[in-house]
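The opening residue of the sequence shown carries number 45 in the working numbering; numbering runs sequentially from there. Quick reminder that beta carbons are idealized off the backbone N, C-alpha and C, glycines included. Source: prediction; values computed, not measured. Structure record follows, encoded as structure tokens.
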Amino acid sequence: MIIFKSINKLNKEVNFKANIGFVPTMGSLHQGHISLIKLSKKKCEKTLVSIFINPSQFNKKNDLKKYPRNLKKDIKILKKLNVDYLLKPNVNDIYKNKKNTKIKLEKNDKIMCALHRPGHFEGVLAVINQFLQKFKPKHIFFGEKDYQQLYLIKKFIKKNYKIKVFSCSTIRDKNNVALSSRNILLNRNDINKSSIIVSEILKFKNKIKKNISFTKNLNNIKTKINSLKNIKIEYLEIRNKYNLSKNYNKNNFKIFLAYYNKKIRLIDNY
Ligand code: AMP
């Protein structure tokens, strides 16, 4: 695996005319990231992974400070997977050119995480745009775990680039909790609570599938989840999985959740 510390060096060494798959990450790699990397390796001649903790997508300084960092272990994982290239740029490399670093969301898109984490998706789109302005992979890979992010990135890339976006379904642990780099910050007891939340929501989802009017019970399930110690829901919403509108039926709905488990903010969708 070749490790590049700057995009300039990457561009000098790598021929982007080849079929290159790109997997952007913030590191602390787990099976969720690995599923994206494996898909890229299947679809593409060469796979490029980036590890960049993007400050502009953190709307709270402390969250950025606390974000897990495990570079040595990440490099081991990537080498074992036979990844071809790792890009590990620094903040200056990405943001020294101030051009096009500000990206606005459409009014309709200011929902769920966009509403509760102002500036977050603007930061995500800005970093993806910075990458894609400087090099053009043929394919790019994202996880459904961050469903709203995937939705916004697909829309943004379709409008601006000729790059095919692939997605992978959410990888979960044995307790059905969605894998997240932030899970390292939770203890077993916290994870158990996240697991209870998943099973409550899956029960709720099954009832909705049988009878869409069951969505009226959304407040009941919110109360139930909020009654777990140290758990606080930020939002729990049902939306159309294709356009994220509130116009859904029992064949196209998805449940979206963001909550705090102690002080750790987690998201999931079902
Ligand atoms: P992150 O490092 O959290 O920015 O995530 C990098 C990529 O991995 C994003 O496309 C995420 O959606 C994806 N990802 C994170 N967790 C999971 C998971 N549990 N299952 C599938 N993909 C995931």
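I311 versus K268, S238, F248 and F179, residue with shortest Cα-Cα distance: S238
Consult DSSP for D190 and reduce its assignment to one of helix, strand or coil. Helix, per DSSP.
T91 lies in the alpha helix (DSSP H); which residues open and close that run? Annotation for T91: no alpha helix (DSSP H) segment contains it, though the beta strand (DSSP E) segment containing it runs K90 to I95.
For Y139, name the three-state secondary structure that DSSP assigns. Looking at Y139 - three-state DSSP - the assignment turns out to be helix.
Count the other CB atoms, across all protein chains shown, that sit within 10 Å of the CB of R161; report buried if there are 16 or more and exposed otherwise. buried
How should Q75 be labelled, buried or exposed, when 16 other C-beta atoms within 10 angstroms of its C-beta is the threshold for buried? Exposed.
As an exercise, report each continuous beta strand (DSSP E) stretch of at least 3 residues that is fully enclosed by the segment 226 to 289, in chain order. 275 to 284
Where Y303 sits in the DSSP three-state scheme: strand
Cα separation between A62 and H183? 11 Å
Proximity to L125 [Cα-Cα], best of N136, F185 and L92: L92
With respect to 8 Å, is the separation between the Cβ of G167 and the closest non-hydrogen atom of the ligand AMP below this value? no
Please classify N4 as buried or exposed, where buried requires at least 16 other C-beta atoms within 10 Å of its C-beta. In the structure as shown, the chain starts at 45 and stops at 314, and residue 4 therefore has no counterpart that could be examined.
Check whether the Cβ of T69 lies closer than 8 Å to any heavy atom of the ligand AMP, and answer yes or no. Remark: the C-beta of T69 is in contact range of the ligand AMP, defined as less than 8 Å to any heavy atom.
Please report the Cβ distance between F179 and C212, rounded to the nearest whole angstrom; I am assuming they are in contact, meaning their Cβ atoms lie under 8 Å. F179 to C212, Cβ: 22 Å. No contact.
Can A222 be considered in contact with the ligand AMP, in the sense that its beta carbon sits closer than 8 Å to one or more heavy atoms? yes
Under the assumption that N305 contacts I275 (Cβ atoms under 8 Å), give the Cβ distance between them as a whole number of angstroms. 6 Å
Residues bridged to G76 by DSSP? Beta-bridge pairing links G76 to no other residue.
Give the secondary structure of P99 by DSSP, where H, G and I count as helix, E and B as strand, and everything else as coil. helix
Is the CB-CB distance between G65 and S225 below 9 Å? No, these two residues do not count as a Cβ contact at 9 Å.
Measure the beta-carbon distance from N313 to Y191 and round it to whole angstroms, keeping in mind my assumption that it falls under 8 Å. 5 Å
Rounded C-beta distance between L131 and S94? I'm assuming under 8 Å. The pair is a contact, with the Cβ atoms about 4 Å apart (cut-off 8 Å).
Proximity to R232 [Cα-Cα], best of R113, S243, I147 and D217: Taking only the C-alpha atoms, the option nearest R232 is D217.
Taking C-beta to C-beta, are I121 and F175 nearer than 9 Å? It is not a contact, given that the beta carbons lie outside the stated cut-off.
For I47, I'd like the list of residues in its chain whose CB is within less than 7 Å of its CB, leaving aside the five on either flank, ordered along the chain. Excluding positions up to five away in sequence, the list reads L130 and K132.
Under three-state DSSP, which class holds A222? strand
In angstroms, rounded to a whole number, what distance separates the CA positions of R283 and K110? C-alpha separation (whole angstroms): 31 Å.
Note down, in chain order, each residue of its chain lying with its Cβ closer than 6 Å to the Cβ of N114, except the 5 sequence neighbours on either side. Cβ neighbours of N114 beyond the five flanking positions: S72.
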